[in-house]
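Data first, discussion second: the structure below is written as C-alpha cells.
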Amino acid sequence: MNAKIAAGSQDFAKVADGQTNALVQQLEARTREYLNHCAKTIPSAERNTIWSRLYAAAHRLRNAVVTGGGTYAAVADAVLEIGSNLLGCEEIAVLKLEPNGKFVFIVSSVGITPAHRRTLKTHIEKISAEINKGQVRIVDKRVPRDEFLTSIGITALVPLSQGHTLEGAIVFFSLLPQRTAFDSGDRELLGLLSIYVRPSHFGM
Amino acid sequence: MPIKILIVDDSETTLLMEEMLLKQYTKFDVILAHNGQEAVEKALAELPSLILMDVVMPKLDGFGACKEMRRHPKLREVPIILVTSRGEPENVETGFESGCNDYLTKPIQSQELIQMVNGYLAVGQGR
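These protein sequence lines map, in sequence, to chains A and B.
Residues in the first sequence are numbered consecutively from -12, following this note's numbering.
Residues in the second sequence are numbered consecutively from 1364, following this note's numbering.
Put into C-alpha cells, the structure is as follows:
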C-alpha cells in the first residue's frame, strides 16, 4: 500500500469565521477518519468503496463550505456532484419545510422536470408528513410504508435539521440506468448529507 | 522517470476520490485537469502513461479531448479510459470511435478502478 496520502495527514488551510470554522473542523475530522478507514482496507473490500465515497463526499462538502463560504450555490453544487458521481442520481431537489411543518417548497434542484414539480406540488402535505418522520429513507417498493414515496418516484429522502428542528429535506428521484437501487453503503452517504448539509446553506 | 496518470473531471468530488485511491494503492504520480481543453494541454506537457477522463465537461468534452489527443503522435498510444455516468451503449460506441481504450461507469468501485489502471500500465510496461 502506498502511503503518499498517509492516513490522518490531510492538511487543511485554516478558516477564520467561528461558526463556519466549527463545521469545517467537523468535516475535516470526518475526512481524516474516512481516509484512515480506507488505509486499513484493500480496494477489493466492499467497505473500501464505501469509505472512499464517504471520504470524497466529506472532503467535497468541506471544500464547499471553505471556498464557497458555505453559500447556497457552493453547497448546492456539492450536493449535485455527490448525488451524480457517488450515488448515481441526477434528479435531486432540496425542499424547505415551513415552520408549521406542513408545507414544503423547492429551494434548489437539479435534473427536476416539470412533471416532478407538479408531483411535489400536488402531494405537498403527504411529502411534509414523510419529511416529518425525520429519518433518512431509502425507498423500497416492496415495503408497504414506502408505497406513497414509490408512487411519486422518490428513491431516497434525506431530512435536514437545524439543531433539533426539522427544516427541510433532499429528495432523490430516478437513479441512473447502471444503478437499480440505493444500498446500505449509500445509506451512510445519505446520512452524512443529513448531518452536514445544513438548511442554513440554502437560505432556509 | 515516474509513471504519471492524468485524471480529468469537472467534478471535484470525482477528482478527490480517484486521486486518493491512486495515491493510496498505486505507485504512480497523479496529475489533475478540470476540462477537456486543460487535459489536452497537460497531456502534451506531462506525457502521462494513462489518462482517466470524464465525458461531460465544459470547454471540451471527453470525446473531443480524446479525438484531439489522438491527433498528436506523442499521445496516440497513451491508454485513455473514459469514466462517466453515461454508460449507455451509444455513448460507449461514441467513446470508442473517438479513440478511447476503455470505459468505467460511475459511481466508481475502488477495485474496478485500481485493477483497470494496473492492468493497462502493466501491459504498457511489458511492451
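Idealized CB from N, CA, C, for every residue including glycine.
What you are looking at is a predicted structure, and each value in this text was computed from that prediction instead of being measured.
With H, G and I counted as helix, E and B as strand and the rest as coil, what does DSSP make of residue i?
i	result
E33 (chain A)	helix
A143 (chain A)	strand
C76 (chain A)	strand
I184 (chain A)	According to the sequence shown, residue 184 (chain A) is Val rather than Ile. The answer is coil: DSSP assigns V184 (chain A) none of H, G, I, E or B.
I1370 (chain B)	strand
L163 (chain A)	coil
Between residue i and chain B, is there a C-beta pair that is closer than 9 Å?
i	result
M(-12) (chain A)	Confidence at M(-12) (chain A) is low in this model, with a pLDDT of 39, below 50, so its placement is unreliable and the value that follows should be read with caution. By this cut-off, M(-12) (chain A) is an interface position.
I69 (chain A)	yes
T152 (chain A)	no
T7 (chain A)	no
A60 (chain A)	no
L14 (chain A)	no
T36 (chain A)	yes
A65 (chain A)	yes
A143 (chain A)	no
G168 (chain A)	Correcting the residue type first, residue 168 (chain A) is Ala in the shown sequence and not Gly. No, A168 (chain A) does not count as interfacial toward chain B.
V26 (chain A)	Looking at the sequence shown, residue 26 (chain A) is not Val but Ala. A26 (chain A) counts as touching chain B.
N72 (chain A)	yes
From the beta carbon of residue i, is the nearest beta carbon of chain A less than 9 Å away?
i	result
I1366 (chain B)	no
T1457 (chain B)	no
S1374 (chain B)	yes
K1430 (chain B)	no
K1469 (chain B)	yes
For residue i, which residues in chain B fall below 9 Å Cβ to Cβ?
i	result
P30 (chain A)	L1384, Q1387, Y1388, Q1472, S1473, Q1474, E1475, L1476, I1477 and Q1478
N50 (chain A)	E1375 and L1379
Determine the chain A residues that contact residue i at a beta-carbon separation under 9 Å, and present them in chain order.
i	result
G1450 (chain B)	L163, P164 and Q165
With 16 as the cutoff for other CB atoms within 10 Å, does residue i come out buried or exposed?
i	result
M1364 (chain B)	exposed
R104 (chain A)	exposed
R1490 (chain B)	Here the model assigns R1490 (chain B) a pLDDT of 37, short of 50, so the residue's position is not dependable, and the following value carries that caveat. Exposed, since its Cβ has fewer than 16 Cβ neighbours within 10 Å.
R47 (chain A)	buried
D64 (chain A)	buried
S138 (chain A)	exposed
S71 (chain A)	buried
L107 (chain A)	buried
F160 (chain A)	buried
R129 (chain A)	exposed
E112 (chain A)	exposed
F92 (chain A)	exposed
N87 (chain A)	exposed
A26 (chain A)	buried
L1410 (chain B)	exposed
R132 (chain A)	exposed
Give me the chain B residues within the contact set of residue i, using Cβ-Cβ distance strictly less than 7 Å, ordered along the chain.
i	result
N23 (chain A)	In chain order: nothing, as chain B lies at least about 11 Å away.
Quick one: which chain A residues come within Cβ less than 7 Å of residue i?
i	result
L1379 (chain B)	A43, H46 and R47
Could you list which residues in chain B have their beta carbon closer than 8 Å to that of residue i, in chain order?
i	result
L194 (chain A)	No information on residue 194 (chain A) is available, as it lies outside the stretch -12 to 191 that chain A covers here.
R40 (chain A)	M1380 and P1470
G75 (chain A)	S1448, K1469 and P1470
Within 9 Å of any Cβ in chain C, is that where the Cβ of residue i sits?
i	result
F169 (chain A)	Included in the structure are the protein chains A and B, with no chain C among them.
Check: Counting only runs that start and end within the region 95 to 161 of chain A, where is the beta strand (DSSP E) found for 3 or more residues in a row?
Finding: 143 to 149 and 152 to 159
Notebook entry, point to check: At what residue ranges does the region 1385 to 1473 of chain B contain a whole run of the beta strand (DSSP E), taking only runs of 3 or more?
Noted result: 1392 to 1396, 1413 to 1416, 1443 to 1447 and 1465 to 1468
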